[in-house]
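S.K.:
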Amino acid sequence: MAIIGIESSAHTFGVGIIENGKILANVKSMYKIGNKGMIPIEVAEHHIQSCKDTINEALDVAGIKTQDINGIGYTMGPGLGPCLQVGLLSAKTLSYRLKVPIIPVNHGVAHVEITKHTKNLKDPIALYVSGGNSQILVLDKKNRKYRILGETFDMGIGNAIDNLARNLGLEHAWGSEVERLAKNGRYIEMPYTVKGMDFSFTGLLTNAIELLKKESKEDVCYSFQETAFAMLCEATERVLLLSKKEELCICGGVAQNSRLTQMLSSIAQEHNITFAKAENQFNADNGAMIALVAENSIKNGFSANFNECTTKQRYRIDEAIVYE
Ligand code: FE2
């Protein structure tokens, strides 16, 4: 049973193909972000232009034809409205033409599930860190829903890093540029905000931007990363002690930051539990993770009504039913 997954929630139009848990293809076309950031309608236009070629490329890589497809997954949300609409329309067109089921997928659930799948995890705590999200999650297996045990009060860590990078006058890719500059910095004290298992980044960001007037880029980047990541790690460690889970993973776009991964990994080591991070192709937005969740949903007997398949810009992870 080959399942195709379409991801279009932000700058990436990704198409993945999976068959009985084996990833046959994971290809993408990315909108080039300029200094103005992402203008949703322009990103959606990119997705419209690239959807056909990206789907065909995924079929070529997988070595299958459209007739071999048994189901379509698409990102229902969260994400940018016009971008999500392109993914929905692509998925609906394929589903209608091939007469196969269509499955709506939560983007955050997909990031955690692909990490569990590729790293053989059973029941981890997941630190999900991306542009718009920063959440600490555990799966409530009985109710088949992720519980958010900790999260940001304001912005996601990825957006905070991108904002700092724009103030530094850096070109995209912002996250990796901040990480590169941070390697040669020294520590300056910055605001640290953790309340229980929740945290906040706006005060830290404002302070970091202000400090750029008198401190070096390297020192600000280093101190910003160390402070923000220590906040994430403190909250995650608290969840770890509370939940007594034996596995910890990091996922989402910011999981590609090696310093954050290193800090989280040392916490896992101290508590003698397993730590895992998926390959970076699965932490970046991708279609394979959408295909995986759709395949698991179909295997568990879930079906969706074609006419009721929509998009939801603010689709929280704890609203989605999870089929493992
Ligand atoms: Fe993502």
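Residues in the sequence shown are numbered consecutively from 708, following the working numbering.
Glycine included, every Cβ here is placed at the ideal spot set by N, Cα and C.
For Thr699, does the three-state DSSP call read helix, strand or coil?
M.R.: The structure shown does not extend to residue 699, since the chain is modelled only from 708 to 1031, so the question has no answer here.
S.K.: Take Ala975 and list the residues in its own chain whose beta-carbon comes closer than 6 Å to its own, dropping the five residues that flank it on each side.
M.R.: Taking the sequence shown and counting its residues from 1, the one referred to as residue 975 is at position 268. Taken in chain order, the residues that qualify are Leu955, Phe982.
S.K.: Measuring alpha carbon to alpha carbon, tell me which residue in Arg1021, Leu939, Met862, Ala717 is nearest Ala833.
M.R.: Within the sequence shown, the letter at position 126 stands for residue 833. Closest option to Ala833, Cα to Cα, is Leu939.
S.K.: Hey, is Ser837 close to the ligand FE2, as in C-beta under 6 Å from one of its heavy atoms?
M.R.: By 1-based counting over the sequence shown, the position of residue 837 is 130. It does: the Cβ of Ser837 is within 6 Å (strictly closer) of some heavy atom of the ligand FE2.
S.K.: With a threshold of 16 other CB atoms inside 10 Å of the CB of Lys848, please say whether the residue is buried or exposed.
M.R.: Locating residue 848 in the sequence shown gives position 141, counting from the first residue. Exposed is the call here.
S.K.: Output yes if chain D places a C-beta closer than 7 Å to the C-beta of Lys759; else output no.
M.R.: Among the chains of the structure shown, chain D does not appear; only one protein chain is present.
S.K.: Under 6 Å: does the beta carbon of Asp992 sit that close to some heavy atom of the ligand FE2?
M.R.: As a working note, residue 992 is residue 285 in the sequence shown. The answer is yes for Asp992.
S.K.: Might you give, ordered along the chain, the residues of its own chain that have their beta carbon closer than 7 Å to the beta carbon of Cys790, omitting 5 neighbours on each side?
M.R.: Within the sequence shown, the letter at position 83 stands for residue 790. For Cys790, where only same-chain residues beyond five positions count, the Cβ hits under 7 Å are Ser715, Ser716, Ala717, Pro747, Val750, Ala751, His754.
S.K.: Whose C-alpha, out of Cys928, His824, Leu912, is nearest the C-alpha of Cys958?
M.R.: Within the sequence shown, the letter at position 251 stands for residue 958. Minimum Cα distance to Cys958 is reached at His824.
S.K.: With the cut-off set at 7 Å, would you say Asn777 and Ala995 are in Cβ contact?
M.R.: Along the sequence shown, one-based indexing puts residue 777 at 70. Along the sequence shown, one-based indexing puts residue 995 at 288. No. Outside cutoff.
S.K.: The beta strand (DSSP E) that contains Thr1017, what's its start and end?
M.R.: To locate residue 1017, count along the sequence shown from 1; it is residue 310. First-last for Thr1017: undefined, no H or E at that position.
S.K.: Using C-beta distances below 7 Å, list every residue in its chain close to Glu1033, excluding the 5 sequence neighbours before and after it, in chain order.
M.R.: No information on residue 1033 is available, as it lies outside the stretch 708 to 1031 that the chain covers here.
S.K.: Could you say if the region 870-887 and the region 963-980 meet the contact criterion of at least three C-beta pairs nearer than 8 Å?
M.R.: The region 870-887, when compared against the region 963-980, does touch it at the 8 Å Cβ threshold.
S.K.: Between which residues of its own chain and Tyr835 is the CB-CB distance below 7 Å, once the five residues before and five after are set aside?
M.R.: Numbered from its first residue, the sequence shown carries residue 835 at position 128. Once the five neighbours on either side are set aside, the close Cβ partners of Tyr835 are Gly815, His818, Val819, Gln842, Leu844, Cys958, Gly959.
S.K.: Residue range of the alpha helix (DSSP H) that Ile755 falls in?
M.R.: For the purposes of this step, residue 755 is taken as residue 48 along the sequence shown, with counting starting at 1. From DSSP, the alpha helix (DSSP H) with Ile755 extends over 747-769.
S.K.: Under a three-way DSSP split, which group does Asn777 fall into?
M.R.: The count along the sequence shown starts at 1 and reaches residue 777 at position 70. Strand, per DSSP.
S.K.: Can you give me the C-alpha to C-alpha distance between Phe931 and Gly741, rounded to a whole angstrom?
M.R.: One-based indexing of the sequence shown puts residue 931 at position 224. One-based indexing of the sequence shown puts residue 741 at position 34. Rounded to the nearest angstrom, the two C-alpha atoms are 23 Å apart.
S.K.: Can you check whether the CB of Gly780 is closer than 7 Å to the CB of Gly712?
M.R.: In the sequence shown, residue 712 corresponds to position 5, counting from 1. In the sequence shown, residue 780 corresponds to position 73, counting from 1. Yes.
S.K.: Please say whether Ile821 and Ala985 have beta carbons closer to each other than 7 Å?
M.R.: In the sequence shown, the residue the question calls residue 985 occupies position 278. In the sequence shown, the residue the question calls residue 821 occupies position 114. Yes.
S.K.: Please state whether DSSP places Val927 in a helix, a strand or coil.
M.R.: Your numbering for residue 927 matches position 220 in the sequence shown. Correct three-state label for Val927: helix.
S.K.: Using beta-carbon positions only, say whether Ile868 and Gly882 come within less than 7 Å of one another.
M.R.: Working through the sequence shown from its first residue, we reach residue 868 at position 161. Working through the sequence shown from its first residue, we reach residue 882 at position 175. Yes, the Cβ-Cβ distance between Ile868 and Gly882 is below 7 Å.
S.K.: Name the residue from Lys799, Gly903, Asn1014 whose alpha carbon lies nearest to the alpha carbon of Glu941.
M.R.: Within the sequence shown, the letter at position 234 stands for residue 941. Comparing Cα-Cα distances from Glu941 to each of Lys799, Gly903, Asn1014, the minimum goes to Gly903.
S.K.: Specify the secondary structure class of Glu726 as computed by DSSP and reduced to three states.
M.R.: Within the sequence shown, numbered from 1, the residue matching residue 726 stands at position 19. The answer is strand: DSSP assigns Glu726 an E or B state.
S.K.: Please list, in chain order, all residues of the same chain as Phe936 whose beta carbon is under 7 Å from its beta carbon, the five residues on each side excluded.
M.R.: For the purposes of this step, residue 936 is taken as residue 229 along the sequence shown, with counting starting at 1. Arg966, Leu967, Met970.
S.K.: Can you name the start and end residues of the beta strand (DSSP E) that Ile916 belongs to?
M.R.: Translated into the one-based positions of the sequence shown, residue 916 becomes position 209. Note, Ile916: premise wrong, no beta strand (DSSP E); alpha helix (DSSP H) at 909-918.
S.K.: Write down the C-beta distance between Pro831 and Arg1021 rounded to the nearest angstrom, noting that I regard them as a contact closer than 8 Å.
M.R.: Locating residue 831 in the sequence shown gives position 124, where the first residue counts as 1. Locating residue 1021 in the sequence shown gives position 314, where the first residue counts as 1. Actually they do not touch by this definition, with Cβ atoms about 25 Å apart.
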